[in-house]
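Step one of this worksheet: look at the structure below.
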Amino acid sequence: MSGPAAGPAPGADTVTDAFSGTGPVAGPLAQAYGRWALTSVEVGAARRLVPSAPDPADWSDPKVGWGLVLPDAPGLDPDALARAEDAEPPLRRLLAARRGRVLRYRAGSGYADWTLRDLAGGGDLLTAASPAGSGPLELPMYLLIHGTPEQIPWQVQYALNPVRHVGRLDLTGEPLARYVDALLDGWSGSAVRYEAPVVWSVDLGEGPQDITTLMRDAVGAPLYALLAADPDMPAAVFVDGSATGADGAALGEALASARPALAVTTSHGLTGPVDDPVRLREGLGLPVGQDRTPVRPQDLLAGWQPDGAVWVARACCSAGSDSPSAYHGLFEPGSPVDRTLDGVAGSGAAVAPLPRALLGAERPARAFVGQVEPAFDWTMSFPPNRQRLTSQLVEAALYRGLCLGLPVGLAMAPYYEPVGSLLLQYARAAGVYGTSVREAARTALDLALYSKVTAYDRAATVILGDPTAALRLPGR
Numbered sequence: 001m002s003g004p005a006a007g008p009a010p011g012a013d014t015v016t017d018a019f020s021g022t023g024p025v026a027g028p029l030a031q032a033y034g035r036w037a038l039t040s041v042e043v044g045a046a047r048r049l050v051p052s053a054p055d056p057a058d059w060s061d062p063k064v065g066w067g068l069v070l071p072d073a074p075g076l077d078p079d080a081l082a083r084a085e086d087a088e089p090p091l092r093r094l095l096a097a098r099r100g101r102v103l104r105y106r107a108g109s110g111y112a113d114w115t116l117r118d119l120a121g122g123g124d125l126l127t128a129a130s131p132a133g134s135g136p137l138e139l140p141m142y143l144l145i146h147g148t149p150e151q152i153p154w155q156v157q158y159a160l161n162p163v164r165h166v167g168r169l170d171l172t173g174e175p176l177a178r179y180v181d182a183l184l185d186g187w188s189g190s191a192v193r194y195e196a197p198v199v200w201s202v203d204l205g206e207g208p209q210d211i212t213t214l215m216r217d218a219v220g221a222p223l224y225a226l227l228a229a230d231p232d233m234p235a236a237v238f239v240d241g242s243a244t245g246a247d248g249a250a251l252g253e254a255l256a257s258a259r260p261a262l263a264v265t266t267s268h269g270l271t272g273p274v275d276d277p278v279r280l281r282e283g284l285g286l287p288v289g290q291d292r293t294p295v296r297p298q299d300l301l302a303g304w305q306p307d308g309a310v311w312v313a314r315a316c317c318s319a320g321s322d323s324p325s326a327y328h329g330l331f332e333p334g335s336p337v338d339r340t341l342d343g344v345a346g347s348g349a350a351v352a353p354l355p356r357a358l359l360g361a362e363r364p365a366r367a368f369v370g371q372v373e374p375a376f377d378w379t380m381s382f383p384p385n386r387q388r389l390t391s392q393l394v395e396a397a398l399y400r401g402l403c404l405g406l407p408v409g410l411a412m413a414p415y416y417e418p419v420g421s422l423l424l425q426y427a428r429a430a431g432v433y434g435t436s437v438r439e440a441a442r443t444a445l446d447l448a449l450y451s452k453v454t455a456y457d458r459a460a461t462v463i464l465g466d467p468t469a470a471l472r473l474p475g476r
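The sequence shown maps to residues 1 to 476 in this note's numbering.
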């Protein structure tokens, strides 16, 4: 026995809850209503009513973009400059493979000390406020600077660090070709071990005049604790200067046996002899071991190859030197710090020898993160209450960024984020100092000093190598 029809009777009106303005809306079904009834259901089908956000790790997305920053080359026409015809063949291969954008550094302009000229796009870029992307007059989020700090100053990298993901290569010839080949190939033959990061921390234990204990306690030890507790890193190694001899030999042995994907070192950086610019530059920024002997790259490379590792070095001038020093005039004339700053500046603006050797090695490193100029104890520990200020490097940038497979440029972004706030704090404190008297003026001056130095310290922690380089995660 059949039941009542599920739908309306043939010819009967279907009543709706719509109102036409003069009365309810009703009407019969179409005679061929079966066609609609048997068409596949589209409830839940993907509908893009809102634009999707780009993946910030995907440099190939035109909304993100990758670009190459080169020095200006007088004598070439704009089209040749835009095609990078003056660049070495490895760079041209990299540009072609990545369909990257070419930007030219030019010193001086009508409105700034320097500018990046987008010749293909037809104008200069207001770097901090430029729209992101790889289109005309857009500034890519990932930028690789190729050139020495004399050709393209460190200040360009400092200014871009808070708003873009920036790396630098100061390599030519075969070292450049080796690095570009490895980058394009994704370090496919790399034998580095994600499960075996190495942390090497010197601790001279010489009291308040020595910074190595603070660096060990604020960077090395907490990072190792995170790595060692991670089940994916059961072979993590800590060469701990507070318990064992953290010298060059111990570092070399740890690197050779562990073959780490990530190596992190904390130590003094070599900045002498200050009266011999040639020797100073040859050893600039080399990590100084527990035995007060600098670690030479040739000694490390005799028994180990970087082979796609990322090296992070917390040491004075580990990435390079600048001239003049950003801190010129801060310290008492003739004091040890003042003489060191002047001596390093006198050797010229340069990339340090250790990162050059690692990035240009037979099996190159992926990237090197280090400092230009010195760091100070109070940029790691806030003087009034001794609060540690290194979590954005240790936890956010390295452990939850780099070790999660983010490109090194994107991983370091949390470390640069406070720079803008620090500079605003500096401007405010400087203004208060100018309108205050006595104790209030002194407090404002101290805050201005702290804010300015800490902003410089963050911005001058630089990436050497391509900012898209990322650690390969287990199982990938």
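No residue lacks a Cβ here, since even glycine has one placed at the ideal position from N, Cα and C.
Nearest to residue 467 by C-alpha distance, out of 357, 404, 369, 421, is 369. The alpha carbon of residue 304 has as its nearest neighbour, out of 352, 403, 357, 283, the alpha carbon of 357. Collapsing the DSSP output to three states places residue 131 in coil. Residue 197 and residue 404 have their C-alpha atoms roughly 13 Å apart. Ranked by Cα distance from residue 136, the options 286, 119, 149 are led by 119. In terms of Cβ geometry, residue 355 and residue 142 do not form a close pair [threshold 9 Å]. The segment 125-197 is shown to contain whole beta strand (DSSP E) runs of 3 or more residues at 142-146, 165-169, in chain order. Looking at the backbone, the Cα of residue 61 and that of residue 97 are separated by about 14 Å. For residue 259, no alpha helix (DSSP H) segment is defined, and its DSSP state is neither H nor E.
By the neighbour-count criterion, in which 16 or more other beta carbons inside 10 Å mark a residue as buried, residue 397 falls on the buried side. Within the DSSP bridge table, the entry for residue 371 names 461 as partners.
One Cα belongs to residue 106, the other to residue 165, and the distance between them is close to 20 Å. Below 8 Å, too few C-beta pairs join the segment 438-455 and the segment 291-309 to call them touching: fewer than three. Here residue 188 is exposed, its C-beta having fewer than 16 other C-beta atoms within 10 Å. Our two residues, residue 424 and residue 411, have alpha carbons roughly 24 Å apart in a direct line. According to the DSSP secondary-structure assignment, residue 327 is paired through a beta bridge with no residue. Residues of the same chain with a CB within less than 7 Å of the CB of residue 214, apart from the 5 flanking positions on each side, are 377, 380, 381 in chain order. For residue 286, the three-state secondary structure derived from DSSP is coil.
Taking residue 288 as the centre and dropping the five residues before and after it, the same chain places the C-beta of 202, 267, 268, 269, 270, 294, 295, 315 closer than 8 Å to its C-beta, in chain order. If you draw a 10 Å sphere on the C-beta of residue 209, you find fewer than 16 other C-beta atoms in it, and that means exposed.
The beta carbon of residue 283 lies closer than 6 Å to those of 270, 294 in the same chain, with the five residues before and after it left out. In the DSSP assignment, residue 334 forms no beta bridge with any residue.
In summary, residue 375 is buried, with 16 or more beta-carbon neighbours lying within 10 Å of its beta-carbon over all protein chains present. With 16 or more other CB atoms across the displayed protein chains lying within 10 angstroms of its CB, residue 146 is buried. In the three-state reduction of the DSSP assignment, residue 387 falls in the strand class, which pools E and B. If you ignore the 5 residues before and after residue 169, its C-beta comes within less than 6 Å of the C-beta of 146, all in its own chain and listed in chain order. Under the DSSP assignment, residue 432 falls in the alpha helix (DSSP H) whose first and last residues are 418-434. For residue 115, the uninterrupted beta strand (DSSP E) run begins and ends at 114-118, by DSSP. From the listed residues 171, 73, 433, 132, the smallest Cα separation to residue 351 is found for 171.
Nearest to residue 112 by C-alpha distance, out of 56, 77, 156, 121, is 156. In this structure, 259 is the residue among 259, 64, 151 with its C-alpha nearest to the C-alpha of residue 193. Its chain contains 158, 161, 419 as the residues whose beta carbon lies nearer than 6 Å to that of residue 459, once the 5 sequence neighbours on both sides are disregarded; these appear in chain order. Contact between residue 417 and residue 226 is ruled out by a C-beta separation of about 20 Å, above the 8 Å threshold. Straight-line measurement puts the Cα of residue 310 at about 16 Å from the Cα of residue 180.
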